[in-house]
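K.L.:
One structure, pasted below without further comment.
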Amino acid sequence: MFPKTGNTFQNGGKKGNAQVEYRDAVWRALTSELGGTHQATKAAMRWTCVSERTTKNWISGSYRPTAEHLIELMRHSDTVLAVVLELAGRNEATTTERLKRIREELEGVLTTIETICAAEDDQTAG
23 MFPKTGNTFQ NGGKKGNAQV EYRDAVWRAL TSELGGTHQA TKAAMRWTCV SERTTKNWIS
83 GSYRPTAEHL IELMRHSDTV LAVVLELAGR NEATTTERLK RIREELEGVL TTIETICAAE
143 DDQTAG
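Residues 23 to 148 (the numbering used here) make up the sequence shown, in order.
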């Protein structure tokens, strides 16, 4: 065995902790949204076009997705998107996106109410 030579740089363990935090955050997000069932594995497989084993590793928290696969997960899962934004310290982006969805839903509800009221007015007038 060769002796260890060269410089070592201390990063305070931050990179290792960030990787574990990222892996655990994605694991929690996937299991909270999809559950831990076989159907959850199939859904994540469809979203990312990866193997069943790879998806099971993400859902079990053993491994973390690569950047390309993370983007696909974020594209299909609001929970994964929110967790990644939280890890990045961008909670306001999550709030803005949620408010945009709520506004769209409210606009739909108001349109429905207006349609119902207009139909009732037509019935009472006729």
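Idealized CB from N, CA, C, for every residue including glycine. Remember, predicted model here, so these are calculated numbers, not experimental data.
Classify SER82 as helix, strand or coil using the three-state DSSP reduction.
P.N.:
In the sequence shown, counting from the first residue as 1, residue 82 sits at position 60. Helix.
K.L.:
Would the segment 83–91 count as touching the segment 117–135 if we require 3 or more Cβ pairs under 8 Å?
P.N.:
no
K.L.:
Count the other C-beta atoms from every protein chain shown that fall within 10 angstroms of the C-beta of SER99, then say buried if there are 16 or more, exposed otherwise.
P.N.:
Position 77 of the sequence shown holds residue 99. Under this definition SER99 is a buried residue.
K.L.:
Between GLU94 and ILE138, what straight-line distance do the alpha-carbon atoms span, to the nearest angstrom?
P.N.:
Sequence index remark: in the sequence shown, residue 94 carries index 72 (1-based). Sequence index remark: in the sequence shown, residue 138 carries index 116 (1-based). Answer to the nearest angstrom: the Cα atoms are 39 Å apart.
K.L.:
What is the rounded straight-line gap between the Cα of GLY57 and the Cα of SER73?
P.N.:
As a position in the sequence shown, residue 57 is number 35, starting the count at 1. As a position in the sequence shown, residue 73 is number 51, starting the count at 1. Cα to Cα, GLY57 sits roughly 18 Å from SER73.
K.L.:
Go ahead and label GLY35 buried or exposed: buried means 16 or more other beta carbons lie within 10 angstroms of its beta carbon, across all protein chains shown.
P.N.:
Your numbering for residue 35 matches position 13 in the sequence shown. Annotation note: pLDDT 48 at GLY35 (below 50); position unreliable, coordinate value reported separately. By the 10 Å Cβ count, GLY35 comes out exposed.
K.L.:
Among GLU126, TRP80, LEU109, whose alpha-carbon lies nearest the alpha-carbon of ALA40?
P.N.:
For the purposes of this step, residue 40 is taken as the residue at position 18 of the sequence shown. The candidate whose alpha carbon is nearest that of ALA40 is LEU109.
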